[in-house]
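For the record, in the sequence shown the residue sitting at position 124 is 127 according to the numbering used here, with numbers rising by one throughout. For reference, the structure discussed in these notes is given below.
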Amino acid sequence: MRRSFPGPGRWDPFEEIRRTQERLNQLFEDFMPMEEWGGGKVYTPAIDIKEEDDKLVVTTDLPGINKEDVQINLKEDMLEISAKTGKEKETEEEGYLRRERAYTQFYRAIRLPASVKEEGSTAKMENGVLKITLPKMQLEEPTKKIAIE
């Protein structure tokens, strides 16, 4: 891309606003990425997975979401986290009725690094942070003896 200096007096404030908006959009996209999913925008929150001795701890941020609006599904080695929330506001001033709606949807599916079991799993939501603890499945291999000839 070739840039040329426009010279004094050719500054376009609308172009400056457009570039600032693009930078802000990129900043928000980096903070909370969105994908097209089922015809709408869906936030795909970042997820941290910490592997401990006998469990996996999965942490993600779901700002503004109540725990009642979150669904967690475990399918074999896949963990799915989804949430929907909506707010409606209606005001009437000087004969005008204004109704505003805002809906937010989160979805993330990740493959877990180890086999886990549903039994003993816990999930806690505090201050917009979801923390899921999944006990690892203990695979017991029977001891095999080898006979000496």
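Heads up, the beta-carbon is just placed ideally off N, CA and C, and yes, glycines get one too.
Glutamate 152 sits in coil when the DSSP states are folded into three classes, being neither helix nor strand.
Remark: C-beta atoms of threonine 136 and lysine 58 approach each other more closely than 7 Å. Between the stretch 124-133 and the stretch 68-75, the count of Cβ pairs shorter than 8 Å is three or higher; the stretches touch. In the three-state reduction of the DSSP assignment, glutamine 74 falls in the strand class, which pools E and B. In this structure, valine 61 keeps its C-beta atom at 7 Å or more from the C-beta atom of isoleucine 75. In the structure shown, glutamate 55 adopts coil according to DSSP, grouped into three states. In the structure shown, the three-state DSSP call for glutamate 95 is strand.
The residues Glu91, in chain order, have a CB closer than 6 Å to that of arginine 104 in the same chain once the five nearest residues on each side in sequence are set aside.
Within the same chain, and ignoring the five residues on either side of proline 116 in sequence, the residues whose Cβ sits closer than 8 Å to its Cβ are Ile52, Glu54, Leu59.
If the five residues before and after glutamine 108 are omitted, its C-beta is found closer than 6 Å to the C-beta atoms of Val45, Lys87, all from its own chain and listed in chain order.
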